Amino acid sequence: MGGPPYRFDRTDEAGSLPARFESLEAGGESGEVVSVAGRVMLVRPQGRLAFATLKDSSGSIQLFALAGLTADFEGFAKLRLGDWVGATGQVVRTRRGELSVQVAEWTLLAGARRSFGDKWKGVTDVETRFRQREVDLWANDRSREVMTARSDMLRMLREDLWERGFVEVETPVLHPIPGGALARPFVTHHQALDCDLYLRIAPELYLKRLVVGGMEKVFEIGRVFRNEGLSPRHNPEFTMLELYQAYADYTDLTMLVEDLVSGLARRLTGSSALSYQGSCLDLTPPWRRATMAELVEEATGSPASVHTSVDELRRRVASAGVEPDPAWGAGKLLLELYEKTTEPGLFGPVFVLDFPAEVSPLARRHRADPDLVERFEVVVAGRELANAFSELVDPDDQRARFVAQARARDAGDSEAMSVDEEYLRALEYGLPPTAGLGIGVDRLAMLLTDTANIREVIAFPTLRPER
RNA sequence: GCGCCCCUAGCUCAAUCUGGCAGAGCAACGGACUCUUAAUCCGCAGGUUGGGGGUUCAACUCCCCCGGGGCGCACCA
999 MGGPPYRFDR TDEAGSLPAR FESLEAGGES GEVVSVAGRV MLVRPQGRLA
1049 FATLKDSSGS IQLFALAGLT ADFEGFAKLR LGDWVGATGQ VVRTRRGELS
1099 VQVAEWTLLA GARRSFGDKW KGVTDVETRF RQREVDLWAN DRSREVMTAR
1149 SDMLRMLRED LWERGFVEVE TPVLHPIPGG ALARPFVTHH QALDCDLYLR
1199 IAPELYLKRL VVGGMEKVFE IGRVFRNEGL SPRHNPEFTM LELYQAYADY
1249 TDLTMLVEDL VSGLARRLTG SSALSYQGSC LDLTPPWRRA TMAELVEEAT
1299 GSPASVHTSV DELRRRVASA GVEPDPAWGA GKLLLELYEK TTEPGLFGPV
1349 FVLDFPAEVS PLARRHRADP DLVERFEVVV AGRELANAFS ELVDPDDQRA
1399 RFVAQARARD AGDSEAMSVD EEYLRALEYG LPPTAGLGIG VDRLAMLLTD
1449 TANIREVIAF PTLRPER
């Protein structure tokens, strides 16, 4: 059979050569033969000499071909940008000081029929970059760096959690009832079972069932799907880290979040104080802790809580520019007030503590105030990064919260939850005191790679299909 | 979903404001060149200006519809 070879024996990565041959002088020959492989990024044919820049995933190296020395020199001089080449030869340094592989033998590993072509500007068109990520990754080093950083981040996250005794699990993506978050799901259909299934909006309920079963520390890093709009901070499918720890409450998780995130920043960027989109972001613990009520008062100048009169809350929500729904209680009104007046001004890192029970159907009531729950959101760089709470363990209270959600759902709230009997049955077996945490992994990757658009950290972000 | 902006050669961009022959660099193709570094030089080719309709003697340019994209708003992580 013809065509390109089925394999190629590479001895060295391009990026490893400069350090190894640091002492080689200009015009010098090392006497060492290496084989390298990669993509041709530039070609500089020059009569009976030719230079090419070869790039692999570790870096670049110059190939140096000579008519009298290189097999099929004519073919080499005709390489096109984008061709994949394997080359073998002695490592030399040219007279001008460029470390090179002096090509004796070479082979075309894959020809590029298409090339993006511009050596200087590469590919900048956003649509091309995300629709044809293969071209983006080839043309833009930065894109590969971001992908690699994301992988490093995930590895470190897992290592951290394993060291702390957490067990990684996988739970269903296809859910008979979407639960664990307030969001509109994607619907699909199973032919053999002849029933609709929903792509998960959160793994939460299944993970807590594992805790019921005795798995005291579990986590899952997985894709979740929400049928909502796209934005620079929202992709319909995104990656969530959720973890559950028995015998712990939400205060324990504040410390865990601080440690995890600042530790990642330090190991990935070298410092727990980093620069994000031109702003200084210091993730060194401890982070500020403040209740939602305190923050609203701070931002608006007058006190507000779930115990403020509904009339006053309604008035203040209206003056913040939101038409209050008559069905909203004090809790929902306070959350609206917070989201409109306070959250936009937060940069963080800050723990926003103690949410209204009304808007938190899976969280346990606050030990000091039954109208609140023990829940926090983490705001970092002006956006929500994580959400956590002491888990609701009482099956009767959970049923009541589900029923309230179902009523809202019947009243037209497409993001409200349904009553999940399977989950209630699990709770009846006994869920020990447990704290649970969710972190938006893509947003964490954005922070750590200093990228402004969630699409930068997702290899193939959701786009409208080409027609 | 609503508002504003963008779409010109394979890539990066001019020409659009003020309607008057669609251009350049890179890539590609042909050629020259024995140390280049975005090599250089000579030559050649490359377009239904996102699609459709309208106004006009004349439309990349002005108007309308459609498609795709970006940002903002809304919702969320």
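Just so you know, the first sequence maps onto residues 999 to 1465 in the numbering used here.
Note that beta-carbon positions come from the ideal geometry of N, C-alpha and C, so glycine has one too.
Treat the numbers as computed from the prediction; the structure is a model and nothing was measured.
Selection from the options that minimises the alpha carbon distance to residue i
{"i": "E1132", "options": "Y1196, F1114, V1032", "result": "F1114"}
{"i": "E1292", "options": "L1344, A1246, V1216", "result": "L1344"}
{"i": "V1101", "options": "V1034, A1379, P1201, L1152", "result": "V1034"}
{"i": "P1450", "options": "S1014, V1144, W1118", "result": "In the sequence as displayed, the identity of residue 1450 is Ala instead of Pro. Of S1014, V1144, W1118, the residue nearest in Cα terms is V1144."}
{"i": "D1081", "options": "L1052, G1095, L1311, A1200", "result": "L1052"}
{"i": "S1277", "options": "L1254, K1215, K1330, G1346", "result": "G1346"}
{"i": "D1150", "options": "L1442, R1314, A1379", "result": "L1442"}
{"i": "E1168", "options": "K1119, R1148, W1118, L1239", "result": "L1239"}
{"i": "L1251", "options": "G1434, R1037, S1014, D1139", "result": "G1434"}
{"i": "E1103", "options": "R1365, R1127, F1006, R1287", "result": "F1006"}
{"i": "G1178", "options": "G1066, S1270, V1031, R1399", "result": "R1399"}
{"i": "I1437", "options": "Y1004, S1056, R1112, E1202", "result": "E1202"}
{"i": "E1296", "options": "Y1336, L1064, T1447, R1129", "result": "Y1336"}
{"i": "E1125", "options": "D1392, R1042, G1084, D1134", "result": "D1134"}
{"i": "S1056", "options": "L1015, L1281, A1366, A1302", "result": "L1015"}
{"i": "N1138", "options": "R1148, R1129, D1070, K1119", "result": "K1119"}
{"i": "L1331", "options": "T1306, W1136, G1227", "result": "T1306"}
{"i": "E1166", "options": "S1412, R1093, V1209, P1183", "result": "V1209"}
{"i": "R1221", "options": "F1349, F1236, G1211, E1214", "result": "F1236"}
{"i": "L1205", "options": "L1241, S1229, P1176, A1181", "result": "L1241"}
{"i": "Q1396", "options": "L1422, R1407, G1410", "result": "L1422"}
{"i": "G1211", "options": "A1244, G1268, L1180", "result": "A1244"}
{"i": "G1319", "options": "E1334, W1326, A1325", "result": "E1334"}
{"i": "L1097", "options": "D1116, F1049, G1066", "result": "F1049"}
Range covered by the alpha helix (DSSP H) that runs through residue i
{"i": "W1160", "result": "1139–1161"}
{"i": "G1087", "result": "Looking at the DSSP string, G1087 is not in any alpha helix (DSSP H); the run it does join, the beta strand (DSSP E), is 1082–1091."}
{"i": "L1073", "result": "For the sequence presented, residue 1073 should be read as Gly rather than Leu. Run containing G1073: 1071–1075, per the alpha helix (DSSP H) assignment."}
{"i": "Q1403", "result": "1393–1408"}
{"i": "T1126", "result": "1124–1129"}
{"i": "V1377", "result": "Taken as a continuous stretch (DSSP letters only), V1377 belongs to no alpha helix (DSSP H), being part of the beta strand (DSSP E) at 1373–1378."}
{"i": "K1206", "result": "1202–1210"}
{"i": "E1420", "result": "1419–1426"}
Own chain partners of residue i with C-beta closer than 7 Å, once the 5 adjacent residues on each side are dropped
{"i": "P1002", "result": "L1106, L1107, A1108"}
{"i": "S1028", "result": "F1019, L1022, Q1088, V1089, V1090"}
{"i": "G1095", "result": "A1024"}
{"i": "R1381", "result": "R1231, R1441"}
{"i": "L1445", "result": "Y1274, V1378, A1379"}
Cutoff 6 Å; reference residue i; Cβ partners in own chain excluding five residues on either side
{"i": "R1207", "result": "A1424"}
{"i": "G1026", "result": "R1091"}
{"i": "T1009", "result": "V1032, S1033"}
Enclosing beta strand (DSSP E) for residue i [first to last residue]
{"i": "D1194", "result": "1193–1197"}
{"i": "K1215", "result": "1215–1223"}
{"i": "S1388", "result": "1381–1388"}
{"i": "D1247", "result": "Segment: none, D1247 is in no beta strand (DSSP E) and carries neither H nor E."}
{"i": "T1432", "result": "1432–1438"}
{"i": "T1186", "result": "1185–1188"}
{"i": "A1063", "result": "1057–1064"}
{"i": "R1005", "result": "Neither: R1005 is in no beta strand (DSSP E) and is coded neither H nor E."}
{"i": "V1101", "result": "1097–1108"}
{"i": "V1348", "result": "1348–1351"}
Exposure of residue i, with buried meaning 16 or more beta-carbon neighbours within 10 Å
{"i": "P1463", "result": "exposed"}
{"i": "K1076", "result": "exposed"}
{"i": "F1164", "result": "buried"}
{"i": "D1440", "result": "buried"}
{"i": "L1427", "result": "Sequence inspection shows Tyr at residue 1427; the Leu mentioned does not correspond to that position. Y1427 is exposed by the Cβ-count criterion."}
{"i": "T1454", "result": "In the sequence on display, residue 1454 carries Glu and not Thr. Buried, because 16 or more other Cβ atoms sit within 10 Å of the Cβ of E1454."}
{"i": "T1086", "result": "buried"}
{"i": "A1122", "result": "Ala is not the amino acid found at residue 1122; the sequence shown has Thr there. T1122 should be labelled exposed."}
{"i": "Q1044", "result": "exposed"}
{"i": "L1040", "result": "exposed"}
{"i": "T951", "result": "With the chain covering 999 to 1465 only, the question about residue 951 has no answer from this structure."}
{"i": "M1253", "result": "exposed"}
{"i": "V1376", "result": "buried"}
{"i": "E1321", "result": "exposed"}
{"i": "V1294", "result": "buried"}
{"i": "R1304", "result": "Just to set this straight, residue 1304 is Val in the shown sequence, not Arg. Under this definition V1304 is a buried residue."}
{"i": "T1068", "result": "buried"}
Other residues of its chain near residue i: CB distance less than 8 Å, five sequence neighbours each side excluded
{"i": "V1401", "result": "V1417"}
{"i": "A1361", "result": "F1353, A1355, V1371, E1372, R1373, F1387, S1388, E1389, L1390"}
{"i": "L1195", "result": "L1172, H1173, P1174, V1185, T1186, H1187, H1188"}
{"i": "L1233", "result": "Per the sequence presented here, residue 1233 reads as Asn, with Leu not at that position. Around N1233: D1440, I1452, R1453, I1456, P1459, T1460."}
{"i": "C1193", "result": "P1174, H1187"}
Output the residue ranges of the beta strand (DSSP E) runs that lie fully inside the segment 1018–1047 and measure 3 residues or longer, sorted by chain position.
1027–1044
Contained alpha helix (DSSP H) runs [length at least 4] in the segment 1259–1329, N- to C-terminal order
1290–1298, 1308–1317
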